[in-house]
Amino acid sequence: MTTALLFDLDGTLIESDHLHAEVFADMFAERGKQIDFAFYRSNIHGRLNADIFGELFPGEDANVLAVQKEAEYRRRLGPGHPPVKGTVALLDLADRMGWPKAVVTNAPRDNGEAVLEALGIAARIDTLVIADECVRGKPDPAPYAEGLRRLGADPATSLAFEDSPSGIRSAVGAGLKTIGIRSLLDDATLRAAGASASIADYDDPALQPHLAQLTGAAA
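Numbering (UniProt numbering), first residue to last: 1 to 219.
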C-alpha cells in the first residue's frame, strides 16, 4: 500500500464558502427569510444537501432544491479560479514522490468536476469520490475509506485535508491523520473535531513537519 493525499473540495482547494452562502441566502430570500453568513457557517457548512434542504426547507422537494442550488452555484462560479494558496506546489511534491491524490467531497459530481476544471487541476487528481455515491456521506468514514481503497493507500502513512467538522470526523474515522484548513473555522474548532493540526493554506510552515513525516515514510 502507498502514501496518498486526500482533499476535501470546497473551502479546502477552493475558497468558495461565500459563494455558496450567497446562493443559499438568495434561496431563503425568495421565501421571505433572511440569513447571514453566521447562519450559513453554523447550519449549512459541510453538510449534505439532502440534510440541509430536508431540515431548512420542509415541505419542498429536497432533491429539486439541491439541483437548483448547485446549478446556480456553477453558473456563478464560472471558469478560471485560483486554488487555495500553495495547492499547486503541494501537488508538485506529490507527483515527485509518486503519491496518488483524491478529492473526497459532499458536493454533487457536477460541482466536483466543474470546480476541479475551474481550478485547472482536474488532470492532476487521480480520483474524485462523491459522498452521495457512497453508502453514507460525511461525517461517516465511508467516503474517505472509498478514496483510500481506490488509491490503494495506507491510512497510517497518508494525509487528509479538511475544513469542516463533519469532514474531519469522516477522515479521522477512516484512520487518516487530518490537517484542518482555516478557511472558515479557527484552530480550536478544527482540533476539537479531530484535526491533528491546522493551517491557513498549503504554504503555511506548520504543514512542513507533517509532509516531512510522509516523505520519511516513503523513503
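Ideal placement from N, C-alpha and C gives every residue a C-beta, glycine not left out.
Distance CB(residue i)-CB(residue j) smaller than 8 angstroms
i: I2; j: P100; result: The residue you asked about is not Ile; residue 2 is Thr in the sequence shown. Yes. Within cutoff.
i: L211; j: I199; result: no
i: R76; j: L19; result: yes
i: V129; j: A107; result: no
i: I121; j: L151; result: no
i: I181; j: T12; result: yes
i: A50; j: A62; result: yes
Extent of the continuous alpha helix (DSSP H) to which residue i belongs
i: I199; result: Looking at the DSSP string, I199 is not in any alpha helix (DSSP H); the run it does join, the beta strand (DSSP E), is 197-199.
i: F39; result: 37-43
i: L19; result: 17-30
Selected residue, minimal CA-CA separation from residue i, among the options
i: S196; options: L159, P108, D204; result: L159
i: E162; options: R149, R150, Y144, G152; result: Y144
i: I14; options: D92, L5, G80; result: G80
i: M97; options: L5, Y202, D51, A156; result: L5
i: G46; options: G54, K33, D17; result: D17
i: D154; options: A174, S164, R136; result: A174
i: I52; options: L190, G194, A21, G78; result: A21
Closer than 7 angstroms: residue i CB and nearest the ligand ZN heavy atom
i: D92; result: This structure does not include the ligand ZN; it has no bound ligands of any sort.
Cβ separation of residue i and residue j, assumed to be a contact under 8 angstroms, to the nearest whole Å
i: E70; j: N111; result: 5 angstroms
i: D203; j: K85; result: 5 angstroms
Residue span of the beta strand (DSSP E) that contains residue i, given as start and end
i: L6; result: 5-7
Contained beta strand (DSSP E) runs [length at least 3] in the stretch 120-151, N- to C-terminal order
127-130
Which whole runs of the alpha helix (DSSP H) in the stretch 156-207 are 4 residues long or more, in chain order?
165-173, 187-193
Note down, one range per segment and in chain order, each beta strand (DSSP E) of at least 3 residues found wholly within the stretch 39-119.
101-105
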